[in-house]
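The structure under discussion appears below in the form of structure tokens.
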Amino acid sequence: MLFESAVSKLNSINWASVGTVISEEDANLGYEFLRRMAQFYKVEQLKPMPPAFTNVAKLLGDQEEELDISAYCSSDAVAYLNQNSYVKRIFEYYLQLANYSEERPGISQYLEIYEPLIKLLERGGAFTIKPLSLEIIKVSHFPLNNWYEKFVDKNPIDINNF
């Protein structure tokens, strides 16, 4: 159920509109993604890695091969995601975690790490992520050197009404 819901969530994004809406509020979604990722590392007591390489399911013990998003998502989603391999990887990690959580409900809470980025795309915003930066296109830029230290003790932002 979690996996089907995650696939449905990605497939219901209007991929043709991604990148067409610019909102200063979207900077909060980037902030919240990094804060949630830092909290994951803190709670699980793991050494932080760059968010672009953080496969939460693998870090929690998943031994399966990484998922290929093209096997589950619409052609529009795949066409968009193929433009940036790191963005594609983030959503492959999301799907892999949803799949891994199916039989391990205690870890499904970590799916929320990805919610800010999904909301960003649902709102028509766009982002790129690389090993050293997260950019909310035409809105904000988050350098990722020392990202963990910068975000681990930040206060959460309520993104429910975004």
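Using the numbering used here, you'd call the opening residue of the sequence shown number 1 and step up by one each time.
Yeah, the Cβ is synthetic: ideal placement off N, Cα and C, and Gly gets one too.
Small disclaimer: the values here were computed from a predicted structure and weren't measured.
With 16 other Cβ atoms within 10 Å as the buried cut-off, status of residue i
i           : result
residue 158 : exposed
residue 96  : buried
residue 14  : exposed
residue 136 : buried
residue 125 : buried
residue 69  : buried
residue 154 : exposed
According to DSSP, residues forming a beta bridge with residue i
i           : result
residue 134 : 129 and 142
Proximity of residue i and residue j at Cβ, strictly below 8 Å
i          : j           : result
residue 93 : residue 55  : yes
residue 40 : residue 110 : yes
residue 25 : residue 127 : no
residue 29 : residue 119 : yes
Own chain, CB closer than 6 Å to residue i, minus 5 neighbours either side, in chain order
i           : result
residue 51  : 37
residue 107 : 60 and 101
Straight-line gap, residue i to residue j (C-alpha atoms, nearest Å)
i           : j           : result
residue 60  : residue 19  : 32 Å
residue 9   : residue 146 : 31 Å
residue 86  : residue 5   : 22 Å
residue 74  : residue 11  : 6 Å
residue 122 : residue 46  : 31 Å
residue 130 : residue 103 : 31 Å
residue 134 : residue 80  : 17 Å
residue 58  : residue 115 : 19 Å
Own chain, CB closer than 7 Å to residue i, minus 5 neighbours either side, in chain order
i           : result
residue 27  : 136, 139 and 140
residue 148 : 38, 41 and 48
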